[in-house]
Amino acid sequence: MGRFNFTKFLLKVAEKLNFFVSKIDKRLAEIDFTLILLGVFALFLSFPPLSLPIVGFIALMPLMVSAGRGRPFFKFFVAGFALFAANLYFINYLQIEARYKIAIFFGYVALSAYLAIYYAVFGWLFSKSDHRSWGDWLLFPSLWVAMEWLRSVSDTGFPWLPMWATQLGDLPIAKLASIIGPFGVSWLVVFMNYWAYKVVKLRSKRLGVSWLIVVALLHLVGFGLMDHESWNDGNVRTVRVAVLQPNVLPRALYDPKEWGETVKAFDSLIDSVRERDVDIVILSESAFPGFYRLSKRTQNYVRKMARRIGAPVLFGSADFSDQSREIYNAVFVVDTNGELIGRYYKVQLVPFSEHLPFEERIDFLKRIDLGQSDYRPGHSLEPIDIGKAKLGVLICFESIFPRIARKEVQNGAELLVNVTNDGWFGKTLGPMVHFELARFRAIETGRFLVRSAKTGISAVVDPNGRIVRSIGLFKYGFFVEDVPVLEGDTLYLRIGDVAAWLSLAIVALFALVALFNYAFRILLRRRTAPR
């Protein structure tokens, strides 16, 4: 019988252990990949255009579970990047000169990565907690909302796919925005996700049942807030609007045929609405190519259109400053005499598309050409008064910013009008998501929203977020609708984005406490260290 080789035995044991550990590591990696994939899939289902009810309340939960298993920054970044890359791919369809296509692609990747960083930072901070404190229930929804607010401000603001948008398929929950605002809805959604995470982590049936009860109660509250069409009682004044959708594609370069195609498309639509006794005709952003005030033929055509229909015409066009060479993305209202009775300049420009952020303050940026337009932002959010109603105008991208619609209604707007030209992006998710996000402005402000898009989606949305009339994407057509003109304030109009400000304050408070504790531990360590 040979002598027992203890060293060889240990090596064999180590080899076996290493085999099992590698198997476990591989299995854990598979679990992590499944959790990330599940999280991305759930987020995609919860956001527009699918907007599946309830899914938004659990979509972040798989990612929260995976955060405790290591590499949280990477996992949340991958999930965020996958979500935004899938949703923003429409940017690559932008009708633009071929020499700028590569810049557009890199911009699309950079934008997806930039937005994913917010997810990654949240995931990293989420992993730093042991989640035993009740304060975490307050902190993490507030952290999410604070970052959501940060990406909606300044020249670089791009609040695409905010968490409140997950509730567009669940209108009773979305209706809560009329009370707590969109950021309040986002806070609520993340809070419910954290609750679901605690249910899974603690495997608590009691927490699970209470989660279901709270979801049911939130729906009851939201349903109670919904205005059950009180505007149809005959005592509310209305304005009869005609929305024309010519379905003419925009051109990347100047094309003299575009003007003729546009006029031809409008001519037959005019004949359809001229006997309908409308109060205003609403056309899209960039309804006519070029500068309205520099084009006699466009001026003559708009005047004839207004006379034939017998109502003022609201439409988008480029404009310029009489005192300088600055140009603006504008909306005009022209009456039946051809007189200009209202004008609005777009305040929130699309970064890197309509202008370069901060170029007004940093001179050398003015010399950079990425194929962007050279618009300047407007400064007034005063409504346009057409006699029958005061119109709060939102041009394209502005419709995804709650604060703009809120300010216009505070200034007296009785009806919101969103004009856009989404034909640049083809039959992609972009125009669909853009329309869905605009619906929230009606809910928050308690006003009807009339939307006119050159290639769709044109619609009327009521204050409950329901679509009253619509024309689909890349459809040719029109509708005439008696739209109620509403007054009064929702609570959100009065208190504004308090949810965002409170979230920022809560995050700041937790950060100060953490900093104080860190400094105190260092000081204590120094005092107790042996000398």
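Basically my numbering = 1-based index in the sequence shown + 1070.
We put the beta carbon where it would ideally sit given N, CA and C, even for glycine.
Quiz item: How would you label Gly1177, buried or exposed, when you count the other beta carbons within 10 angstroms and need 16 or more for buried?
Solution: When all chains shown are included, Gly1177 counts as buried.
Practice problem: Can you check DSSP and say which residues form a bridge with Gly1462? | Solution: Under DSSP, the beta-bridge partners assigned to Gly1462 are Leu1486.
Quiz item: Would the beta-carbon of Val1553 fall within 8 Å of that of Leu1485?
Solution: Yes, these two residues count as a Cβ contact at 8 Å.
Quiz item: Roughly how many angstroms separate the alpha carbons of Arg1363 and Phe1196, rounded to a whole number?
Solution: When only Cα atoms are considered, Arg1363 and Phe1196 end up about 54 Å apart.
Exercise. Could you tell me the distance, in whole angstroms, from the CA atom of Ser1540 to the CA atom of His1201?
Key: For Ser1540 and His1201, the distance between alpha carbons rounds to 46 Å.
Self-check item: 6 Å CB neighbourhood of Arg1596 in its chain, flanking five on each side removed
Solution: Around Arg1596: no qualifying Cβ.
Self-check item: Reference Ser1354, options Gly1493, Ala1581 and Leu1410, closest by Cα
Solution: Considering only Gly1493, Ala1581 and Leu1410, the residue with the shortest C-alpha distance to Ser1354 is Gly1493.
Quiz item: In whole angstroms, what separates the C-alpha of Val1135 from that of Val1487?
Solution: Each residue's CA atom was taken as its position, placing Val1135 and Val1487 some 43 Å apart.
Quiz prompt | Range of the contiguous alpha helix (DSSP H) that encloses Asn1157 | solution = First-last of the alpha helix (DSSP H) with Asn1157: Pro1142 to Asn1157.
Exercise. Quick one: grab the DSSP three-state call for Ile1243.
Key: DSSP places Ile1243 in helix when its eight states are reduced to three.
Practice problem: State yes or no: is the C-beta of Tyr1163 within less than 8 Å of the C-beta of Thr1490? | Solution: Against a cut-off of 8 Å, the Cβ pair of Thr1490 and Tyr1163 comes out as no contact.
Exercise. Using a threshold of 8 Å, state whether the C-beta atoms of Val1309 and Lys1458 are closer than that.
Key: Cβ distance < 8 Å, so Val1309 and Lys1458 count as in contact.
Quiz prompt | Proximity winner among Trp1230, Gly1239 and Phe1210, relative to Leu1185 (alpha-carbon distances) | solution = When only C-alpha atoms are compared, the closest one is Trp1230.
Practice problem: Put Asn1052 into one of helix, strand or coil per three-state DSSP. | Solution: Coverage of the chain is limited to positions 1071 through 1601, which leaves residue 1052 absent and any answer about it impossible.
Quiz item: Residue range of the alpha helix (DSSP H) that Leu1410 falls in?
Solution: That residue, Leu1410, is in no alpha helix (DSSP H); its beta strand (DSSP E) goes Leu1410 to Tyr1415.
Self-check item: Chain-order list of residues whose beta-carbon lies under 7 Å from that of Glu1557 (same chain, five-residue window excluded)
Solution: Closer than 7 Å at Cβ, skipping near neighbours: Glu1484.
Quiz item: Which word fits Ser1469, buried or exposed, when buried means at least 16 other C-beta atoms lie within 10 angstroms of its C-beta?
Solution: With 16 or more other Cβ atoms within 10 Å, it is buried.
Quiz item: How far does the alpha helix (DSSP H) with Phe1358 in it reach, from first residue to last?
Solution: Phe1358: not part of any alpha helix (DSSP H); DSSP gives it neither H nor E.
Self-check item: Identity of the residue in Ile1513, Phe1549, Leu1133 and Val1260 nearest Ser1248 by Cα
Solution: Selected option, being the one with the closest Cα: Ile1513.
Practice problem: Evaluate Phe1590 with the Cβ neighbour count: other Cβ atoms within 10 Å of its Cβ, from every protein chain shown; 16 or more gives buried, anything less gives exposed. | Solution: When all chains shown are included, Phe1590 counts as exposed.
Self-check item: Same chain only: Cβ atoms within 6 Å of Gly1412, ignoring 5 sequence neighbours per side
Solution: Closer than 6 Å at the Cβ level, and outside the excluded window around Gly1412, lie Val1403 and Ile1454.
Self-check item: Nearest to Asn1263 (by Cα), restricted to the options Ala1523, Ala1183 and Leu1282
Solution: Minimum Cα distance to Asn1263 is reached at Leu1282.
Quiz item: Do Ala1235 and Met1131 have their C-beta atoms within less than 8 Å of each other?
Solution: With a cutoff of 8 Å on beta-carbon distance, Ala1235 and Met1131 are scored as not near each other.
Quiz item: Three or more beta-carbon pairs under 8 Å between the segment 1570-1590 and the segment 1329-1348, yes or no?
Solution: Too few Cβ pairs lie closer than 8 Å, so no.
Quiz item: Would DSSP call Lys1093 helix, strand or coil?
Solution: Below a pLDDT of 50, predicted positions are generally treated as unreliable, and Lys1093, at 49, falls in that range; the measurement from the model is reported next regardless. Correct three-state label for Lys1093: helix.
Quiz item: Unbroken alpha helix (DSSP H) runs of length 4 or more, entirely within the segment 1227-1277: which are they?
Solution: Complete alpha helix (DSSP H) runs here, min 4: 1241-1244 and 1247-1272.
Exercise. Could you work out which residue in Gly1516, Leu1543 and Asn1317 is closest to His1504 when comparing CA atoms only?
Key: Comparing Cα-Cα distances from His1504 to each of Gly1516, Leu1543 and Asn1317, the minimum goes to Leu1543.
Quiz prompt | Three or more C-beta pairs below 8 Å linking the segment 1139-1155 and the segment 1470-1481 | solution = Taking a cut-off of 8 Å for Cβ pairs, the segment 1139-1155 and the segment 1470-1481 do not touch, as fewer than three such pairs fall below it.
Quiz item: Measuring CA to CA, which of Leu1153, Val1520 and Tyr1588 is closest to Ile1352?
Solution: When only C-alpha atoms are compared, the closest one is Val1520.
Quiz item: When the distance is taken between beta carbons, is Leu1122 closer than 8 Å to Leu1115?
Solution: Contact: yes.
Exercise. Please name the residue in Phe1548, Phe1117 and Gly1535 whose C-alpha comes closest to that of Gly1526.
Key: Nearest of Phe1548, Phe1117 and Gly1535 to Gly1526, Cα basis: Phe1548.
Quiz item: Can you name, in chain order, every residue of its own chain whose Cβ lies under 7 Å from the Cβ of Gly1193, other than the five neighbours on each side?
Solution: So the qualifying residues of the chain are Leu1133, Ala1137, Pro1142, Phe1143, Lys1145 and Phe1146.
Quiz item: Relative to the C-alpha of Ser1450, which residue among Ser1199, Phe1103, Cys1466 and Ala1400 is closest?
Solution: Looking at the Cα atoms, Ala1400 is the closest of the given residues.
Quiz item: When the Cα of Pro1320 is compared with those of Arg1344, Gly1330 and Pro1359, which residue comes out closest?
Solution: Minimum Cα-Cα distance from Pro1320 among the listed residues Arg1344, Gly1330 and Pro1359 corresponds to Pro1359.
Quiz item: When the Cα atoms are used, what is the spatial distance from Ala1581 to Phe1510?
Solution: Pairing Ala1581 with Phe1510, the inter-Cα distance amounts to about 32 Å.
Quiz item: Per DSSP, what kind of secondary structure is Asn1399 in: helix, strand or coil?
Solution: Residue state, collapsed to three classes: strand.
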